[in-house]
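For the first sequence, my numbering gives the first residue as 1052, with consecutive numbering after it.
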Amino acid sequence: MELDFYPLDASYAVVRDAPVIRIYALTASGEQACVLVEGFKPYCFAASQKLALEELKQGLAKLPVFKDDKPVSFDLEQSSLHLLGREIACFKLIAQLPEDIPLIREALDAQGLEALEADIPFAKRYMIDTGLVPLALYRAYGEQVAGIMKVPSFAASRIEKISDQAPGNLNVLAFDIETHSPLGKFAVAEENPIIMLGFASESFQKVITWKSFKTELDYVEFVPSEFELISRFKEIIDRQKPDVIVGYFSDGFDLPYIKARAEKYKINLELGPYNSPIIIRKGMMPSAEIAGIIHLDLFKFIRKIMGRSLETDSFDLDSVAKELVDESKDKIDFDEMNRVWESRPEELEKYCRYNLQDALITLKITHKVMPSIIELVRVIGLPMQDVTRMGYSQLVEWHLIKRAREFGELVPSKATYSEIRDRKSKTYEGAFVFEPEPGIYQNIAVFDFRSLYPTIIHAHNISPDTLHCSCCPSELFCKKKPGFVATVIGDLIKRRMSVKQMIKESPQDKFLGARQEVLKTIANSMYGYLGFFGARWYSIECAQSITSFGRQYIQTVIQQAAGAGFKVLYSDTDSVFLLVGQKPREEVVSFVASINKQLPELMELDLEGFYRSALFVSAKAKEAGAKKKYALLSESGKLQIKGFETVRRNTSIIAREIQEKVLQLILTEVNHETALAYVRETVSKLRRREIGIDKVIITTQLRQDIDDYDSIGPHVAVAKRMRLLGKRIGPGTIISYVITPGKEKISQRARIPDEAGEYDTEYYVNNQIIPAVARIFAVFGLKPEDIIAQNQSKLDSFFNA
DNA sequence: GATTGGCGGGG
DNA sequence: GTGTACGCCAATC
């Protein structure tokens, strides 16, 4: 018989003293199934730098390994694998059970021998060694056997890949709980009940609560008590049979909470097709898993992986929803919700809507990011459960582990604590940044190296295993044998190029877009990984060689640009800004071509585009131009602003607006006079109080408890006032305030916007507007006091006319 | 300026 | 589960 299936996840069980791999699968027809594989054996390696092969073998033959005083048996097999490119005396130790491996490792440790690859979990080991990739299509040959729990099972004697096709539709069920909590405090599972439980999937919506009220909402279901609410959680998951359940911070909140409440009531909360308990891993990063159901914590994935590409720096559901699906959550006063729950259940409807909304938004975001998750799973080759909880360095590392064996490489061990401390103390030179001459320039061309660091790694064979090879004594990196990391990254780059080619043919395929994005992400993370203190393939020599080559390449471009008669305005890491001036554009194009002719395979300098104008400002207290701080105006009139740090929080809207407008005017007009007039006009308006109070509100986040502050800044003073008014203020609260006129200290003049009345115009002129634009006007020789000078310029009168 | 401590997310 | 955890900002010396 055969069975076509998509692996979702894998684990193992010990049956009659032998491990059996269980592949949790979705059949091609969309049913849950379990594919069983016997005969895969746990193993690790023992290696020695000092001992000869024969000595090592003899040592291993009498290696004492015991489990409860009984000897543990294992087989020995000579291995010819390398460690970081070097030959090493090495044996494979093949055990009976996965649990024997840690015992073998300890025994090796005790003999002063190194255990290698003894920390790769058994089910992952199976997937890596057999090349089984989740969410691709496989065919198993074998026979139907008695089902594991509620799931039809299939004992496979052989498995082969059929295609890279991902399953069409995963059944995703989002869930969310609301809890009761004491006034002003956060709920704790030991004391406070779950009051609502919401679900949302493509075809299903429900909110369960245990106090009834009159409602028209058809998705609300009443149960008699929290006990039944938790029982319904299990029933609904059993009935809906989701492939994926998703929550927002459900690793750290919802699932641990549900589990704790179930334990309190002694409810047997065995979930899903395999009657699996919720397993909570505590620690710095708690996680929750349910064997046989993929549990996705959307928060964790967004924060660790997607966060980098998002604008928001806060990862609460509301901010993330606004950015990713253009939706926002209703505002809820939780103290009010708790009071309603306690004494006015007839008003609970609003909170049921809120509960469902959370689940719906979570579902919507999940659908939006699912292509990225699926592609990440397929590129890394490990289950969704795992890859959505990894950071970049772990993703890179598992990708390398997945490919190590093809290169005859052993997976290096993790660094010890002292090695890590050592590595952390080491630094090295980074990228080259060209200091721009402050000023405004017209007609600019911008170039950048496409994937500079990844292509350098590939082009120069940079890899921990090619470093100081024995065959090329005068070279830093081997010239003969392709390195492991260098080849892997070359493959990533080439795969991405071919995917981009496919995108040209079918541009609307969102999976292709996600795949090239994932391939880029992994490739771009490789440099950082090599210099990351926790990396198995850590190599500071590799990391510093990469930046060193990067500096050489960019400086070569700069020199040749100068040689070709271009003035170099600016350069940072992988980009160069040139003044084109009156030169014909063909010269720019042929300049790029001449550079590209000299570059090694896969390296390429792109002409990113032409710009109408650019502004560089000077660094604080320096003549030289500031690095990483400039504004560009594209040919289509689009403004790009980089690094102006006044455009941040602690800044009022008026200050941000004026900064952007000033840059816009200066870049468009290519002089500062209109911008200056605009600033003066705005200052006049502000002094006439024609600027609304909403534009002068300053917001700051409270970092600690109010009473813990020693220095009372304006936001702390206002927070105290808010507390006096009965508002619940704690760490994390965003405090909005306005500075009002007066002679006292700033903090004493800060007011809640509603209570402010009027604002202090001179404070806003001197502390918000001028600092926001001072550096820009300094480029034109204006001092801060010149900006709003009393002697009027002619343009000023032009504006007032 | 380095170092340390706490928090994020969730209700 | 053959395992392990992070990274940033603010306060503080």
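No residue lacks a Cβ here, since even glycine has one placed at the ideal position from N, Cα and C.
Which class does residue 1103 belong to by DSSP, given the choice of helix, strand or coil? Reading the first sequence from its first residue, position 52 is the one you call residue 1103. It is coil, neither helix nor strand.
Quick check on residue 1255: does DSSP put it in helix, strand or coil? The residue given as residue 1255 occupies position 204 in the first sequence. Three-state DSSP puts residue 1255 in a strand.
Who are the Cβ neighbours of residue 1282 in its own chain at under 7 Å, not counting the five residues just before and after it? Sequence index remark: in the first sequence, residue 1282 carries index 231 (1-based). Excluding sequence neighbours, residue 1282 sits near 1318.
Can residue 1452 and residue 1245 be called in contact, C-beta distance under 8 Å? Within the first sequence, numbered from 1, the residue matching residue 1452 stands at position 401. Within the first sequence, numbered from 1, the residue matching residue 1245 stands at position 194. Not a contact, by the Cβ cut-off of 8 Å.
Any idea if residue 1622 is buried or exposed, counting beta-carbon neighbours within 10 angstroms, 16 or more meaning buried? Start at 1 with the first residue of the first sequence, and residue 1622 comes out as number 571. By the neighbour-count rule (16 or more Cβ atoms within 10 Å), residue 1622 is buried.
How many Å lie between residue 1741 and residue 1489 at the Cα? In the first sequence, the residue the question calls residue 1741 occupies position 690. In the first sequence, the residue the question calls residue 1489 occupies position 438. Computed Cα separation, rounded: 34 Å.
Among 1829, 1330, 1828, which one has its Cα closest to the Cα of residue 1303? For the purposes of this step, residue 1303 is taken as residue 252 along the first sequence, with counting starting at 1. It is 1330 whose Cα lies nearest to the Cα of residue 1303.
Identify the continuous beta strand (DSSP E) that holds residue 1129 and give its terminal residues. Position 78 of the first sequence, counting from 1, holds the residue named residue 1129. Counting along the chain, the beta strand (DSSP E) containing residue 1129 begins and ends at 1125-1129.
Compute the Euclidean distance between the alpha carbons of residue 1601 and residue 1507, then round it to the nearest angstrom. In the first sequence, residue 1601 corresponds to position 550, counting from 1. In the first sequence, residue 1507 corresponds to position 456, counting from 1. Near 7 Å, if we compare the C-alpha coordinates of residue 1507 and residue 1601.
Please list, in chain order, all residues of the same chain as residue 1054 whose beta carbon is under 6 Å from its beta carbon, the five residues on each side excluded. For the purposes of this step, residue 1054 is taken as residue 3 along the first sequence, with counting starting at 1. Contacts found: 1191, 1205.
Is residue 1251 near the ligand SAH - that is, is its Cβ less than 7 Å away from at least one heavy atom of it? Absent from the structure shown: the ligand SAH. Ligands present: none.
For residue 1297 and residue 1372, the rounded distance between their alpha carbons: Locating residue 1372 in the first sequence gives position 321, counting from the first residue. Locating residue 1297 in the first sequence gives position 246, counting from the first residue. Rounded to the nearest angstrom, the two C-alpha atoms are 15 Å apart.
For residue 1320 versus residue 1313, is the C-beta spacing smaller than 8 Å? By 1-based counting over the first sequence, the position of residue 1320 is 269. By 1-based counting over the first sequence, the position of residue 1313 is 262. In this structure, residue 1313 lies closer than 8 Å to residue 1320 by Cβ.
Please report the residue range of the beta strand (DSSP E) in which residue 1227 lies. Taking the first sequence and counting its residues from 1, one reaches residue 1227 at position 176. Looking at the DSSP string, the run of the beta strand (DSSP E) that includes residue 1227 is 1223-1230.
Between the beta-carbon of residue 1413 and the beta-carbon of residue 1225, is there less than 8 Å? For the purposes of this step, residue 1413 is identified with residue 362 of the first sequence, where counting begins at 1. For the purposes of this step, residue 1225 is identified with residue 174 of the first sequence, where counting begins at 1. In contact: residue 1413 and residue 1225 (Cβ atoms closer than 8 Å).
For residue 1544, I'd like the list of residues in its chain whose CB is within less than 7 Å of its CB, leaving aside the five on either flank, ordered along the chain. The count along the first sequence starts at 1 and reaches residue 1544 at position 493. Around residue 1544: 1502, 1505, 1506, 1509, 1574, 1653.
Measure the Cβ-Cβ separation of residue 1426 and residue 1290 and say whether it is below 8 Å. Here the question's residue 1426 lines up with position 375 in the first sequence. Here the question's residue 1290 lines up with position 239 in the first sequence. Result no, Cβ atoms of residue 1426 and residue 1290 do not sit closer than 8 Å.
Pairwise C-alpha distance: residue 1838 and residue 1496: As a first step, residue 1496 is located in the first sequence; it is residue number 445 there, counting from the start. As a first step, residue 1838 is located in the first sequence; it is residue number 787 there, counting from the start. When rounded, the distance between both Cα atoms is 31 Å.
Does the beta-carbon distance from residue 1460 to residue 1516 come in below 8 Å? Within the first sequence, the letter at position 409 stands for residue 1460. Within the first sequence, the letter at position 465 stands for residue 1516. Yes, Cβ-Cβ distance for residue 1460 and residue 1516 is below 8 Å.
Measuring CA to CA, which of 1388, 1632, 1721, 1794 is closest to residue 1234? Stepping through the first sequence from its first residue, residue 1234 is reached at position 183. Ranking the options by Cα distance to residue 1234, first place goes to 1388.
Are the beta-carbon atoms belonging to residue 1274 and residue 1259 less than 8 Å from one another? As a first step, residue 1274 must be located in the first sequence, where it is residue number 223. As a first step, residue 1259 must be located in the first sequence, where it is residue number 208. Taking 8 Å as the Cβ cut-off, residue 1274 and residue 1259 qualify as a contacting pair.
Tell me the start and end of each unbroken beta strand (DSSP E) in the region 1115-1194 that is at least 3 residues and wholly inside, in chain order. 1125-1129, 1140-1146, 1165-1167
Please report the distance separating the alpha-carbon of residue 1196 from that of residue 1342. On the first sequence, position 145 is the one that residue 1196 refers to. On the first sequence, position 291 is the one that residue 1342 refers to. Cα to Cα, the separation comes out at about 20 Å.
Assign residue 1065 to one of three DSSP states: helix, strand, or coil. Counting from 1 along the first sequence, the entry for residue 1065 is found at position 14. Strand at residue 1065.
If you reduce the DSSP assignment to three classes, tell me which class residue 1598 lands in. What you label residue 1598 is simply residue 547 of the first sequence in a count that begins at 1. Residue 1598: helix per DSSP, three-state reduction.
Local Cβ density within 10 Å of residue 1628, reported as buried at 16 or more and exposed below that: For the purposes of this step, residue 1628 is identified with residue 577 of the first sequence, where counting begins at 1. Buried: at least 16 other Cβ atoms inside 10 Å.
Cα-Cα, which of 1052, 1624, 1804 is closest to residue 1480? Within the first sequence, numbered from 1, the residue matching residue 1480 stands at position 429. The shortest Cα separation from residue 1480 among 1052, 1624, 1804 belongs to 1624.
Residues near residue 1832 by beta carbon distance below 8 Å, same chain, minus five either side: The residue you call residue 1832 lines up with position 781 of the first sequence. Same-chain partners within the cutoff: there are none.
Residue 1849 versus residue 1680: straight-line alpha-carbon distance, rounded: Counting from 1 along the first sequence, the entry for residue 1849 is found at position 798. Counting from 1 along the first sequence, the entry for residue 1680 is found at position 629. With a pLDDT of only 46 at residue 1849, under 50, the local geometry of the prediction cannot be trusted, and no value is derived from it.
Which whole-angstrom value describes the C-beta separation of residue 1436 and residue 1288, a residue pair presumed to lie in contact below a C-beta threshold of 8 Å? Along the first sequence, read from residue 1 onward, the residue named residue 1436 stands at position 385. Along the first sequence, read from residue 1 onward, the residue named residue 1288 stands at position 237. About 16 Å separates the two Cβ atoms, so there is no contact after all.
Residue 1034 burial status per 10 Å Cβ neighbour count (16 or more: buried): Residue 1034 falls outside the range modelled here, since the chain spans only 1052 to 1852, and no answer is possible.
Count Cβ pairs between the region 1145-1158 and the region 1086-1094 that sit closer than 8 Å; are there 3 or more? yes
For residue 1852, collect the residues of the same chain with a Cβ closer than 8 Å to its Cβ; drop the 5 residues on either side in sequence, then sort them by chain order. For the purposes of this step, residue 1852 is taken as the residue at position 801 of the first sequence. With a pLDDT of only 39 at residue 1852, under 50, the local geometry of the prediction cannot be trusted, and no value is derived from it.
Enumerate, from N- to C-terminal direction, the unbroken alpha helix (DSSP H) stretches of 4 or more residues contained entirely within the region 1520-1558. 1535-1556
Own chain partners of residue 1066 with C-beta closer than 6 Å, once the 5 adjacent residues on each side are dropped: Against the first sequence, residue 1066 aligns to sequence position 15. So no residue of the chain qualifies.
Name the DSSP bridge partner or partners of residue 1078? Residue 1078 sits at position 27 when you count from the first residue of the first sequence. In DSSP, residue 1078 forms a bridge with 1056.
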